[in-house]
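Numbered according to full-length UniProt numbering, the sequence shown spans residues 1 to 612. Worksheet: the structure to be examined is printed underneath.
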Amino acid sequence: MFQFALAWDVFQILFQKNIAVKSYCSHHLRQNFKQFSRHCSTFSSDQNLISQLQSCKNISEITQFHALMIKTGQDQIPFTLSKLLACSIQFTDYISSIFKYVKSPNLYMYNTMLRSYSISDDPQKGLVFFNYMREQCVVLDQFAFVSVLRSCIRLMEKWTGVAVHSVVLKSGFDLFLDLKNTLLNFYCVCGGIRCAHKLFDEISKRDLVSWNTLMGGYLCVSNYSAVLDMFVELRRDGIYASVTTMLCVLSAIGELRIALVGESLHGYCIKIGFCDSLKVLTAFISMYGKIGCVSSGRSLFDEASQKDVVLWNCLIDGYAKNGLLQEALSLLREMKVQRLKPNSSTLASLLSFCASSGALNMGEYIQNFVEDQQLALDPVHGTALIDMYAKCGLLVKAVNVFDSMETKDVKCWTAMIMGYGVHGEAKDAIALFHRMEDEGFRPNEVTFLAVFSACSHGGLVAEGISCFRKMVLEYGLTPKIEHYGCLIDILGRAGLLETARELIKDLPIEGDATAWRALLAACRVHGSVELGEQVKKELEQRFGEHPADSLLLNCTYAIAGILPEDRDMLEVKEGKLEKEVGSSLSGKKEAGCSSIELYDSSRIFLSQCVVR
1 MFQFALAWDV FQILFQKNIA VKSYCSHHLR QNFKQFSRHC STFSSDQNLI SQLQSCKNIS
61 EITQFHALMI KTGQDQIPFT LSKLLACSIQ FTDYISSIFK YVKSPNLYMY NTMLRSYSIS
121 DDPQKGLVFF NYMREQCVVL DQFAFVSVLR SCIRLMEKWT GVAVHSVVLK SGFDLFLDLK
181 NTLLNFYCVC GGIRCAHKLF DEISKRDLVS WNTLMGGYLC VSNYSAVLDM FVELRRDGIY
241 ASVTTMLCVL SAIGELRIAL VGESLHGYCI KIGFCDSLKV LTAFISMYGK IGCVSSGRSL
301 FDEASQKDVV LWNCLIDGYA KNGLLQEALS LLREMKVQRL KPNSSTLASL LSFCASSGAL
361 NMGEYIQNFV EDQQLALDPV HGTALIDMYA KCGLLVKAVN VFDSMETKDV KCWTAMIMGY
421 GVHGEAKDAI ALFHRMEDEG FRPNEVTFLA VFSACSHGGL VAEGISCFRK MVLEYGLTPK
481 IEHYGCLIDI LGRAGLLETA RELIKDLPIE GDATAWRALL AACRVHGSVE LGEQVKKELE
541 QRFGEHPADS LLLNCTYAIA GILPEDRDML EVKEGKLEKE VGSSLSGKKE AGCSSIELYD
601 SSRIFLSQCV VR
């Protein structure tokens, strides 16, 4: 402080005081601004004002400078007014109130306003303002296009973004690399990965952002092999990877479960020093968890000099995904000792494993841990808890958790609807679906799949057909083969076999045997031999022979009380499945398995073997 006090003494005798003002502002000593205001009735230059404006961090400070600008007449100068707008860009309401009183805004002001809308809570206003700029015949530049494309990305406005791209081409601004990278990001986010790759190929001078953006796009559409191919191509072009690049590649390797490539990349990162980054270290632990090498991930965790909550959560998640629940719980206890809290995603991963393995006691232990730590019951955690209780047979507890949640999202509602369906409470599932609509939630494809499944198990034909129509006509969702399969199952269980058959013939989706197999299963239930034989023949012609189809038809014969004349079908009934499908492994029916929880551990029973 002695140096600043000395600077203040020197300031008193200076004719040009801008340097002192800038020094005070850069050191966040805004309380001294009052002293400057008393000594300077007017700002000696625009640079003086800009130095102080750039140090402002909140709206109250900006409004004080704005008032001083009005008092001194600086608000009428385009340059200083532009800087005021730029400093207020995070506060959209305030900047818009200033902008509407500007008589002749310049392009910089327009772009500042557009950028403010693009990063605001309502990016739709950015699209409206962009159209307003075009109506005012404002000559657009690359910065305007970048801002409006960011609004399109946040809103997932695919066709609006495509229209903006066409305007970019007509305006001749497609030569700017930043704009091309933004377009690349737009197509990757909005599902146009082919268009993104085409645009990438058209970029003559790509930078690392271009590569990372397209690799991230392929990662989003689960094309993990393409991510690795692009990384190899990037290295061949002599471009040095960044931390972002490595995070993308490591995620792809984890999904592909290629241990050798992952270990090779680990050595590469050690060589270039990327393992010093906590983000890269976390990505490696996640990758090792996905490929089943949790011990390698644990070694990295133990060697880490710094550990944040994300690193702990990542290792816990790896243990859970590999069925090592006791090790995961041990880490949870250690986190508690070190006063760290797991995040919702990690808890959800643990609870999901408990649900799939039937480990109810462990699931309740995790929930008790959450309550002891006073962690919030957010939608992610709540959804996993509902799913676990429902799958473990405790529907009442699942309902209690659902009712106790203050904040719900679509996934919460879907999990509860699915829970009712699994327990055969189809009417309750339909009632909850209608309640969901009444409370303003928009169901998605998974929600409707849960509703159709509940209707199928409960025999609610009319309700199922009604919800199917609502899905298509009211919500504009395109049914997938799973939705058609459930609808056909609903019709089949109700005995409307011919109706189901006609529906299959009119399906707009080809290349999946799910619908036909659902109809064959319905033929088995009702003992409809003639239709079952026709469906079996249809399956063979379209998708080839499959042992499950033969078994279903054989059961249909048995339920109808007749024996098949076909010799092959008799051999299937006797268990000689190899004669129908050959000696290939595809002809062997996969064994089912069961699991129970015993002495705080989950045990899986497969045939005559026991796997702990």
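Every residue, glycine too, gets a C-beta built ideally from N, C-alpha and C. Bear in mind the structure is a predicted one, so any value in this text is a computation, not a measurement.
Taking a contact as a CB-CB distance under 8 Å, the pair Phe200 and Leu184 counts as one, their CB atoms being some 6 Å apart.
Excluding sequence positions up to five before and after Ala226, its CB lies within less than 6 Å of the CB of Tyr218, all in the same chain and listed in chain order. Excluding the 5 residues flanking it on each side, Ile291 has same chain C-beta neighbours closer than 8 Å at Ile253, Gly254, Arg257, Ile258, Ala259 and Gly262, in chain order. Pairing Glu482 with Glu364, the inter-Cα distance amounts to about 33 Å. Asn223 and Leu265 have their C-alpha atoms some 19 Å from each other. Annotation note: the region 496-566 contains the following uninterrupted alpha helix (DSSP H) runs of length 4 or greater, listed N- to C-terminal: 497-505, 514-526, 529-543 and 547-560. In the structure shown, Asn343 adopts coil according to DSSP, grouped into three states.
In the three-state reduction of the DSSP assignment, Gly267 falls in the helix class. Taking all protein chains shown into account, Ala462 has fewer than 16 neighbouring C-beta atoms within 10 Å of its C-beta and is therefore exposed.
Annotation: the region 426-474 contains the following complete segments of the alpha helix (DSSP H) (minimum length 4 residues), in chain order: 426-438, 445-458 and 461-469. Apart from sequence neighbours up to five positions away, the residues of its chain that approach Met133 with a beta-carbon distance below 6 Å are Tyr110, ordered along the chain.
Counting only the Cα atoms, Lys158 lies some 42 Å from Ala548. Only exposed fits Ala376, as fewer than 16 other CB atoms lie within 10 angstroms of its CB. In its chain, beyond the 5 residues on either side, Gly527 have a beta carbon closer than 8 Å to the beta carbon of Gly561. Judged by DSSP in its simplified three-state form, Asp178 adopts helix. Around the CB of Asp506, fewer than 16 other CB atoms lie within 10 Å, so the residue is classed as exposed. Between Ala426 and Gly393, the C-beta gap is not smaller than 8 Å, which leaves the two residues out of contact. Taking each of Gln90, Phe79 and His66 in turn and checking the Cα distance to Asp122, the smallest one comes out for Gln90.
If you draw a straight line from the Cα of Ser166 to the Cα of Arg206, it is about 21 Å long. Inclusion of Met246 and Cys269 in the CB contact set at 8 Å is warranted, their separation being smaller than that value. Val380: member of the alpha helix (DSSP H) spanning Pro379 to Lys391, first to last residue.
Here Phe186 really is in contact with Gly161; their C-beta atoms are around 5 Å apart, less than 8 Å. Here the alpha carbon of Thr407 sits roughly 20 Å from the alpha carbon of Lys341. Secondary structure of Leu140 (DSSP, three-state): coil. Here Trp413 is near Phe441, since their CB atoms are less than 8 Å apart. No residue range can be given for Val102, since it is assigned to no alpha helix (DSSP H) and is classified by DSSP as neither H nor E. Burial is judged here by how many other beta carbons sit within 10 angstroms of a residue's own beta carbon; Arg115 has at least 16 and is buried.
According to the DSSP assignment, Phe284 belongs to the alpha helix (DSSP H) that extends over Leu278 to Lys290. Secondary structure note for Ile77: it is in no alpha helix (DSSP H), with a DSSP letter that is neither H nor E. Note on the UniProt repeat "PPR" (207-241): whole alpha helix (DSSP H) runs with a minimum of 4 residues are 208-220 and 224-236, in chain order. Using a Cβ distance threshold of 8 Å, Leu300 and Ile316 do not count as a contacting pair. DSSP places Gln326 within a helical segment (H, G or I) once states are collapsed to three.
In the structure shown, Ile153 falls within a helical segment according to DSSP collapsed to helix, strand and coil. Counting C-beta atoms within 10 angstroms of its own C-beta, Ser357 has 16 or more neighbours from the protein chains shown and is therefore classed as buried. Of the candidates Ser97, Val280, Ala163 and Pro78, Ser97 places its Cα closest to the Cα of Thr63.
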